[in-house]
Amino acid sequence: MKKQERDFDKEAATWDDHPARVKLAEDVAGAIIRQVALTPDMEVLDFGCGTGLLALRIAPLVKSVTGADSSRGMLKVLEAKAAKQGLSNISTRHLDAGSRISGAYDLIVSSMTFHHVEHVGVLLGELFQALKVPGCLCVADLDSDGGRFHEDNGGVFHFGFGKSALGEMFRQAGFAKVRKVPAAKVDKPDRTGKLRKFSIFLMIGEKSEKN
C-alpha cells in the first residue's frame, strides 16, 4: 500500500496532537457529507485510515466503517478511540504490502493517502471492484504542491495531483460522474520553512449499473 520509509507505528501515539490534522479531517468529513447522502444502512471503507480521524466522524452516520491501514500502530489507536467513544460499528483491517482490497462497500473514502501510493491506477481498479452497485469513492488529497508539503518526501510518490490526470485515472478504472470539489486549506511551513497555504481537493467517482 505505502512505501513505508516513515515509521507510522512510532508516530501513531502522537499523531492526533497536531491541530491541523484534526481540522483537516473535520473539513474532509464535512465535504464528504455535503457531496454524498450518507444513510444508516451504508457500509463504508476508510482506506489509509490512520488513527481514524475521518472514520470516527463518519461512523455515527452509517451502519459500519472498516478502517484499513498498513500501520498496526495507527489501527491500535483507532481501536482504542472507538472503544472509548462507545462506537461498536468500527472495525479495522491491516494491509500489508501484498494486500488486495476486497469486500463490498457502499462508500469508500480516503484522505491524504493517495500521494503515498505508487500505482494509483491499480489501486483505483481494486477500489472500484470493492464497491457495491450503486457505490461511491471519495478521495481527498493535495492539489499539485511541487513537493513542498512534507518536510521529508520519503515515501511520497506524488507531489499532489492535477485535476485532469487523477480524474482520467478515475474514469479509466470505471468510475462515472467524476467530479472534483474543494475540501480544505492547510496553513503550514513548507520544506524551506516558509508558511504556505496548501489546498486539499475531494474527488468523487460513482459506480452504477451504467458503468
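Quick note on numbering: the numbering used here labels position 193 of the sequence shown as 629, and the sequence is numbered without any gaps. The beta carbon of each residue, even a glycine, is placed where N, CA and C say it ideally should be.
- When secondary structure is reduced to three states using DSSP, lysine 517 falls in the helix class.
- For glycine 571, the uninterrupted beta strand (DSSP E) run begins and ends at 567 to 578, by DSSP.
- Our two residues, threonine 475 and lysine 499, have alpha carbons roughly 8 Å apart in a direct line.
- Closest option to methionine 510, judged by alpha-carbon separation, among Arg615, Arg536, Met605 and Ala449: Ala449.
- Around the C-beta of valine 592, 16 or more other C-beta atoms lie within 10 Å, and the residue is accordingly described as buried.
- CA-CA distance, glycine 488 to alanine 620, rounds to 18 Å.
- A Cβ-Cβ contact shorter than 8 Å links tyrosine 541 with glutamate 479.
- Here aspartate 463 is actually not in contact with glycine 484; their C-beta atoms are around 17 Å apart, not less than 8 Å.
- Distance from the CA atom of glutamate 604 to the CA atom of histidine 555, rounded to whole angstroms, is 14 Å.
- With respect to the 8 Å criterion, methionine 639 and phenylalanine 606 are classified as neighbours on the basis of their beta carbons.
- Distance from the Cα of threonine 628 is smallest, within the candidate group Leu497, Gly583 and Ala519, for Gly583.
- For the region 590 to 629, the full-length alpha helix (DSSP H) segments reaching 4 residues or more read 599 to 609 along the chain.
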